[in-house]
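Notes follow once the structure below has been shown.
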Amino acid sequence: MTAFLQHLTAALAAGAVFALLALGLSLGYRASGVVNLAQGELATLSAFVCVTLLDRGWRFWTAFAVTVVLSFAGGWAGERLLVRTVSSGLELGLPILTLGVLLATGGLETWIWGAGRRAPSSPFSPATVHVLGAALPKRELGVAGVALAAASLVLLALWRTRAGLAIRAAAVEPGLARGIGLNVEGMRALGWGLAAALGSVAGVLMATSHGLEPGMLRGGMVFALAGLVVGGLESPAGAVAGTLAVTVGVDLLGDYVHWVGAGLRVPAAAAVLLVVLLVRPLRRTAPA
Amino acid sequence: MKTRDQLGLVLAAGAALAVVPLFLSGGHTRELSTVAAYTVAILGLDLLVGACGRMSFGQGAFMAVGGYTTAILCGRHGVGVFWTIPLAGAAGGGAGLALGLPALRMRGRALELAAFAAAVAVPPLALHFDGFTGGAAGTAVEHHSPGVVYAAGWGVAAALFLAAWALTGSRFALKLRAARDNDTAAAAAGLNRGGGRLAAFTVAGAYGGAAGALLVVSAGHADPGMFPLRLSLLLLAAAVIGGLGSIWGAVATALLIRYLGDVIGALPHVGVHRAGPVSFVIGLFLVAVAVTHGLSAAVARARHAPPRE
């Protein structure tokens, strides 16, 4: 039981971080009809920015807050300047844009900060908490807590506030939304800003728990994509739940089935993605 | 381009390729063989985009399938390394078929997700099943001189280029392009779009597999580090830069992705570490391509819009 709780906590911590990526992917998809494959790398870029601030002596939560705000602004600007322009062109334009951003961001990180791995210190204490006889690391609980809080905040904002209703309306029925006077373009930019902010939270949490290097979230993206597909591309809450389910499932499988082990986690998540795609075809609603 | 011009270009390129190694050292000749491998991979991507408008973020995964087929057959079972190339192509084709089957049921961009996931999943898979693959150290294959490797690599690339040329001009390809451009009309005209897409994925996979084999032949071994996600991304980027769906850009962009690093490294303040700037430049270029295309489409639409009252 104690070992199970420890494995579960570790899996939840990872799953919650990846769920933030999936939520961001879902928001971007609902806004503009494209799955932003660069989401993980942009999150990593945010983490690099945060670590640079930390290296200059900033306090953790201040640096974190500034990074999230900067990332939101970056996502918002990205939609206004890039996504919106590219959307006018060929259908293939948006995937090409995400490919370009993915390559450029990874390249930029390696160029500025080098390819090596850093180990920024965690803001949570290294102590453990005893729950039902198991010693659970505060660090993992902290990561899971912050990530789930961020996801919940965004989901609550989407479903319980008028602004959230406006964002959802603009995504689902843009024509009608424009008709009643909603600023659909603004809502889209907001969606991408939120996606970037969520990504930055994921990136910083990942960096402090597993170390920071370019490409660190590429495996996480596979989990996020699997969760996204499981939960339904159109459902942000589904994306979060789906990613938690996939990550916890795969990680526990790896912990208890030794043949699978740690090395096959990412391929297992990829397999889940492929199986779900085979069994459940995706329907796409293109934004008007 | 008129067919006569195309023929002229092919003959000129063929002559250049045949003559170039006479002027180069063994090491450079071997490097140019990897360019042949990239060319074949990019050709596969061009065929896929041209046929059904899908981009594959995972050509590196097909290359790994083909490359390891070669490594296992040659390194562990003693099959002559050049004989493994068609087998590697077949293995890649099989993998393409497997990825193409879900494509039959999907609209939209779902395939790109699957291909991306496959590309990320391949190095850990190769590392884990080290009984087959030799793990991190990899598996070695027969070693051949640079001249032989070059001839084999470019021979295969030339043959596959001609096949691609024939394919894109064929009636089958015209049907596929019709399906790509207007799905509904094609269905109304009775075209079997699903079969076409499946064929496109199989062919792209086969080209990827052959490319992987060529890569392993020129390197002399196969290991998981040879097929990172970055390879898949750069190959797709090259296919886009060379002209989406156009096979004519393949050689030029293969040269680009191989040698851009050296060009950038020659710039004074960049120095030795080039992987970052190369990815950055290529990525930025892609963003520019996407944005300018979007801008010109918007401008064209505005120009053709009816005059406002």
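Line by line, the protein sequences are chains D and E.
Numbered per this note's numbering, the first sequence finishes at 288, counting up by one with no gaps.
Numbered per this note's numbering, the second sequence finishes at 1309, counting up by one with no gaps.
The beta carbon of each residue, even a glycine, is placed where N, CA and C say it ideally should be.
Does chain E have any CB closer than 8 Å to the CB of Pro174/D? Stepping through the first sequence from its first residue, residue 174/D is reached at position 174. For Pro174/D, no Cβ of chain E is located within less than 8 Å of the residue's own Cβ.
Is there a C-beta anywhere in chain E that falls below 8 Å from the one on Gly347/D? Outside the modelled stretch of chain D, which goes from 1 to 288, sits residue 347/D, for which no answer is possible.
Give me, in chain order, the residues of the same chain whose beta-carbon lies closer than 6 Å to that of Leu23/D; leave out the 5 immediate sequence neighbours on both sides. Taking the first sequence and counting its residues from 1, the one referred to as residue 23/D is at position 23. Same-chain partners within the cutoff: Ala151, Leu198, Pro236, Ala239 and Val240.
When the distance is taken between beta carbons, is Leu1214/E closer than 8 Å to Gly1153/E? Residue mapping note: residue 1153/E aligns to position 153 of the second sequence, counting from 1. Residue mapping note: residue 1214/E aligns to position 214 of the second sequence, counting from 1. A contact, by the Cβ cut-off of 8 Å.
Alpha helix (DSSP H) containing Ala197/D: first to last residue? As a first step, residue 197/D is located in the first sequence; it is residue number 197 there, counting from the start. Segment Val184 to His210, the alpha helix (DSSP H) holding Ala197/D.
Cross-chain neighbours of Leu1127/E in chain C, by beta carbon under 9 Å: The structure shown contains no chain C; the protein chains it does contain are D and E.
On a CA-only basis, which of Leu92/D, Leu274/D and Gly220/D is nearest Arg265/D? Give me that one, please. Position 265 of the first sequence holds residue 265/D. The residue with the shortest Cα to Cα distance from Arg265/D is Gly220/D.
Starting from the beta carbon of Arg56/D, find every residue of chain E whose beta carbon is closer than 9 Å, and list them in chain order. The residue you call residue 56/D lines up with position 56 of the first sequence. Neighbours of Arg56/D on chain E: none; closest Cβ ~22 Å, over 9 Å.
Host beta strand (DSSP E) of His130/D (start-end): For the purposes of this step, residue 130/D is taken as the residue at position 130 of the first sequence. Secondary structure note for His130/D: its beta strand (DSSP E) is the uninterrupted segment Thr128 to Val131.
Nearest candidate by alpha-carbon position, reference Thr290/D, set Leu82/D, Thr247/D, Gly186/D and Ser121/D: Residue 290/D falls outside the range modelled here, since chain D spans only 1 to 288, and no answer is possible.
Separation of Leu252/D from Thr2/D, as counted between CA atoms: For the purposes of this step, residue 2/D is identified with residue 2 of the first sequence, where counting begins at 1. For the purposes of this step, residue 252/D is identified with residue 252 of the first sequence, where counting begins at 1. Approximately 14 Å between the Cα atoms of the pair.
Does the Cβ of His1304/E have 16 or more other Cβ atoms within 10 Å, making it buried, or fewer, making it exposed? As a working mapping, residue 1304/E is identified with position 304 in the second sequence. Label assigned to His1304/E: exposed.
What separation, rounded to the nearest whole angstrom, lies between the Cα atoms of His1221/E and Leu99/D? Here residue 1221/E corresponds to residue number 221 of the second sequence, with the count starting at 1. Here residue 99/D corresponds to residue number 99 of the first sequence, with the count starting at 1. C-alpha of His1221/E to C-alpha of Leu99/D: approximately 29 Å in a straight line.
Inter-residue Cα distance where the pair is Val260/D and Gly249/D: In the first sequence, the residue the question calls residue 260/D occupies position 260. In the first sequence, the residue the question calls residue 249/D occupies position 249. Computed Cα separation, rounded: 12 Å.
Please return the same chain residues whose Cβ sits closer than 7 Å to the Cβ of Leu1255/E, not counting the five positions on each side in sequence. Residue mapping note: residue 1255/E aligns to position 255 of the second sequence, counting from 1. By the criterion of a C-beta distance shorter than 7 Å, Leu1255/E is surrounded in its chain by Val1035, once the five residues flanking it on both sides are discounted.
Is there a C-beta anywhere in chain D that falls below 8 Å from the one on Met1055/E? By one-based count along the second sequence, residue 1055/E stands at place 55. Yes, its Cβ sits closer than 8 Å to a Cβ of chain D.
Whole angstroms is fine: what's the gap from Arg284/D's alpha carbon to Ser32/D's? Taking the first residue of the first sequence as 1, we reach residue 284/D at position 284. Taking the first residue of the first sequence as 1, we reach residue 32/D at position 32. Because the pLDDT of Arg284/D is 48, which lies under 50, any placement of that residue in the model is unreliable, and the number read from its coordinates should be weighed accordingly. Between the alpha carbons of Arg284/D and Ser32/D lies a gap of roughly 11 Å.
Indicate whether Thr1070/E and Val1217/E have their beta-carbon atoms separated by less than 8 Å. The residue you call residue 1070/E lines up with position 70 of the second sequence. The residue you call residue 1217/E lines up with position 217 of the second sequence. In this structure, Val1217/E lies closer than 8 Å to Thr1070/E by Cβ.
Hey, could you find the ends of the beta strand (DSSP E) Pro137/D is sitting in? Residue 137/D sits at position 137 when you count from the first residue of the first sequence. Start and end: Ala134 to Pro137.
If you count every other CB in all the chains shown that lies within 10 Å of the CB of Thr62/D, and 16 or more means buried, which is it? Reading the first sequence from its first residue, position 62 is the one you call residue 62/D. Looking at its Cβ environment, which holds fewer than 16 other Cβ atoms inside 10 Å, Thr62/D is exposed.
Residues of chain E with CB closer than 8 Å to the CB of Ser88/D, please, in chain order. The residue you call residue 88/D lines up with position 88 of the first sequence. Contact of Ser88/D with chain E by beta-carbon distance below 8 Å involves Gly1294, Leu1295, Ala1297, Ala1298 and Arg1301.
Amino acids of chain D, ordered along the chain, whose beta-carbon sits closer than 9 Å to that of Ile1282/E: On the second sequence, position 282 is the one that residue 1282/E refers to. The contacting residues are Gly100, Leu103, Ala104 and Gly107.
Given that a residue counts as buried once 16 or more other Cβ atoms are within 10 Å of its Cβ, and exposed if not, what is Thr161/D? Mapped onto the first sequence, residue 161/D falls at position 161. Classification for Thr161/D: exposed.
Listed in chain order, which residues of the segment 265-280 of chain D have Cβ atoms closer than 7 Å to some Cβ of chain E? Here the close residues are Val266, Pro267, Ala270, Leu273, Leu274, Leu277 and Leu278.
Tell me, please, which residues DSSP counts as bridged to Ala292/D. Residue 292/D falls outside the range modelled here, since chain D spans only 1 to 288, and no answer is possible.
List the residues of chain E that Arg30/D touches, going by C-beta distances under 8 Å, in chain order. Taking the first residue of the first sequence as 1, we reach residue 30/D at position 30. Identification of chain E residues near Arg30/D by a Cβ-Cβ cut-off of 8 Å yields none; the smallest Cβ-Cβ distance measures about 13 Å.
Among Pro1146/E, His1077/E, Met1055/E and Asp1223/E, which residue has its Cα nearest to the Cα of Ser1025/E? Numbered from 1 along the second sequence, position 25 holds the residue referred to as residue 1025/E. Comparing C-alpha distances from Ser1025/E to each of Pro1146/E, His1077/E, Met1055/E and Asp1223/E shows the shortest one belongs to Pro1146/E.
Quick one: does Arg80/D have its CB under 8 Å from some CB of chain E? Within the first sequence, residue 80/D is the residue found at index 80, counting from 1. False, the Cβ-Cβ gap to chain E never drops below 8 Å.
What's the gap between the Cα of Ala1090/E and the Cα of Phe1280/E? For the purposes of this step, residue 1090/E is taken as residue 90 along the second sequence, with counting starting at 1. For the purposes of this step, residue 1280/E is taken as residue 280 along the second sequence, with counting starting at 1. The straight-line gap from Cα to Cα measures roughly 34 Å.
Determine the DSSP secondary structure at Ala1222/E, reduced to helix, strand or coil. Mapped onto the second sequence, residue 1222/E falls at position 222. It is a strand residue.
Less than 8 Å between C-beta atoms, sequence neighbours within five positions excluded: which residues of the same chain meet that for Asp55/D? To locate residue 55/D, count along the first sequence from 1; it is residue 55. So the list is empty, once near-sequence residues are dropped.
For Trp111/D, which residues in chain E fall below 8 Å Cβ to Cβ? Here residue 111/D corresponds to residue number 111 of the first sequence, with the count starting at 1. Within chain E, the C-beta atoms nearer than 8 Å to that of Trp111/D come from His1273, Gly1276, Pro1277 and Phe1280, in chain order.
Pairwise C-alpha distance: Gly227/D and Gly15/D: Taking the first sequence and counting its residues from 1, the one referred to as residue 15/D is at position 15. Taking the first sequence and counting its residues from 1, the one referred to as residue 227/D is at position 227. Rounded to whole angstroms, Gly15/D to Gly227/D spans 10 Å at the Cα level.
I think Val1049/E touches Gly1245/E, with their Cβ atoms under 8 Å apart; what is that distance to the nearest whole Å? Position 49 of the second sequence holds residue 1049/E. Position 245 of the second sequence holds residue 1245/E. With a Cβ gap of about 4 Å, Val1049/E and Gly1245/E count as contacting.
Please report the straight-line C-alpha distance between Ala1016/E and Asp1262/E, rounded to a whole angstrom. Here residue 1016/E refers to the residue found at position 16 of the second sequence. Here residue 1262/E refers to the residue found at position 262 of the second sequence. If you take the alpha carbons of Ala1016/E and Asp1262/E, they lie about 22 Å apart.
Contacting positions in the segment 205-221 of chain D - beta carbon closer than 9 Å to chain E: Taking 9 Å as the Cβ-Cβ cut-off against chain E, the residues of the segment 205-221 of chain D that qualify are Pro214, Gly215, Arg218, Gly219 and Met221.
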